[in-house]
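Trainee: The structure is given below, and queries will be raised subsequently.
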Amino acid sequence: MNRAKLDKQPADVASMFDDVASRYDLTNDVLTFGLARAWRRTVAHSVAAGPGERVLDLAAGTGTSSMTFTHHGAEVVAGDISTGMLAEGRRRHPKIDFIYADAMDLPFADASFDVVTISFGIRNVNDVDTALAEMLRVLKPGGRLVICEFSTPTLDAFSLVYKEYLMKALPAIARAVSSNPEAYVYLAESIRAWPNQDAFAHQILDAGFDQVKYRNLTGGIVAVHHALKPAEPAANAGASEPTDRAEHGGEAETHTP
Numbered sequence: 017m018n019r020a021k022l023d024k025q026p027a028d029v030a031s032m033f034d035d036v037a038s039r040y041d042l043t044n045d046v047l048t049f050g051l052a053r054a055w056r057r058t059v060a061h062s063v064a065a066g067p068g069e070r071v072l073d074l075a076a077g078t079g080t081s082s083m084t085f086t087h088h089g090a091e092v093v094a095g096d097i098s099t100g101m102l103a104e105g106r107r108r109h110p111k112i113d114f115i116y117a118d119a120m121d122l123p124f125a126d127a128s129f130d131v132v133t134i135s136f137g138i139r140n141v142n143d144v145d146t147a148l149a150e151m152l153r154v155l156k157p158g159g160r161l162v163i164c165e166f167s168t169p170t171l172d173a174f175s176l177v178y179k180e181y182l183m184k185a186l187p188a189i190a191r192a193v194s195s196n197p198e199a200y201v202y203l204a205e206s207i208r209a210w211p212n213q214d215a216f217a218h219q220i221l222d223a224g225f226d227q228v229k230y231r232n233l234t235g236g237i238v239a240v241h242h243a244l245k246p247a248e249p250a251a252n253a254g255a256s257e258p259t260d261r262a263e264h265g266g267e268a269e270t271h272t273p
């Protein structure tokens, strides 16, 4: 079975996801104890795709997230580098346009989309800065960027338990339910190597986005970052500070980190 390394060569990443395509969604449900569905609902709410809008869903996989963006009349393009995932997505959702799309070299014209979103995929990209620049390029001025990714738990005690789960329990469970358990060893390693919420927010700012915010889900296990492409080029682009939308009593509160 194939697994990617932390240098995240695109061919290795694609091959790894080819191996898990048929059981990918089931495995995710098991490994996240069903939380993946709630996280994706939050993404759909953040994307807020409306009638007539064009949405680019990158690392779309089997189209589980992509389908939710069509519910209010948006046109959705689902992009991925895994041909296995694309084939599975086309089989499940024949009305969605599935396209081979490398996040570092998107096959779309400038200012083509109202929204670009990527869930649990930016962490697998070889050059994140290049991918963010491409997302900025294909967004229309004022367009929305929504990125959902595993992140850093905000409570120390919870963080220790989570790390133990990632490195020990998760690979063991994956061996029982996944068609490629080695892929989930990479999953654990890549999550631990990923920057925390604030660091990634600043990376998005540095790419040229504006109004960067993030919301922690499940105690920071996952974070949803939201940003806008500036409506007009600004001399001080990236100068504003990101804000954190943290969970608090079931509601989100915004503050500067």
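With this note's numbering applied, the sequence shown covers 17 to 273.
Note that CB positions come from ideal geometry on N, CA and C, so glycine has one too.
Fair warning: this is a prediction, and the values are worked out from it, not measured in the lab.
1) Take the Cβ of V177 as the centre, count every other Cβ of all protein chains shown within 10 Å, and call the residue buried at 16 or more, exposed below.
2) Is L122 closer than 8 Å to E150 when the C-beta atoms are compared?
3) Helix, strand or coil, according to DSSP, for P67 in the structure here?
4) Which one of V63, A90, H241 has the shortest CA to CA distance from D113?
5) Hey, how far is the Cα of A204 from the Cα of A52?
6) What did DSSP end up calling S98 once you bin it into helix, strand or coil?
7) Can you tell me where the beta strand (DSSP E) holding D134 begins and where it ends?
8) Quick check: the Cα distance between G95 and A64, rounded to an integer number of angstroms?
9) Give me the Cβ distance between Q213 and T168, rounded to the nearest whole Å; I'm assuming they're in contact under 8 Å.
10) Which partner residues does F166 have in the DSSP bridge list?
11) Please report the straight-line C-alpha distance between E69 and V240, rounded to a whole angstrom.
12) Which residue or residues does DSSP assign as beta-bridge partners of F114?
13) With DSSP run on the structure shown, which of helix, strand or coil describes L148?
14) Label G100 either buried or exposed according to how many other C-beta atoms from any shown protein chain fall within 10 Å of its C-beta, with 16 as the threshold for buried.
15) Starting from D121, trace the beta strand (DSSP E) in both directions and tell me its first and last residue.
16) If you run the structure through DSSP and keep just helix, strand and coil, what is L161?
Mentor: This is what the structure holds:
1) V177 is exposed by the Cβ-count criterion.
2) The answer is yes: Cβ separation under 8 Å.
3) Coil at P67, not helix or strand.
4) Each of V63, A90, H241 was checked against the Cα of D113, and the nearest Cα belongs to A90.
5) Computed Cα separation, rounded: 16 Å.
6) Looking at S98 - three-state DSSP - the assignment turns out to be coil, as it is neither helix nor strand.
7) Note on identity: in this sequence residue 134 is Ile, with Asp being the wrong assignment. Start and end: 129 to 135.
8) C-alpha separation (whole angstroms): 19 Å.
9) Right, their Cβ atoms sit about 6 Å apart.
10) V238.
11) Counting only the Cα atoms, V240 lies some 21 Å from E69.
12) F114 is bridged to A94.
13) In this structure, L148 counts as helix in the three-state DSSP scheme.
14) For G100, the number of other beta carbons within 10 angstroms of its own is at least 16, and it is reported as buried.
15) It is not in any beta strand (DSSP E) - D121 carries neither H nor E in the DSSP assignment.
16) Here DSSP, grouped into helix, strand and coil, assigns L161 to strand.
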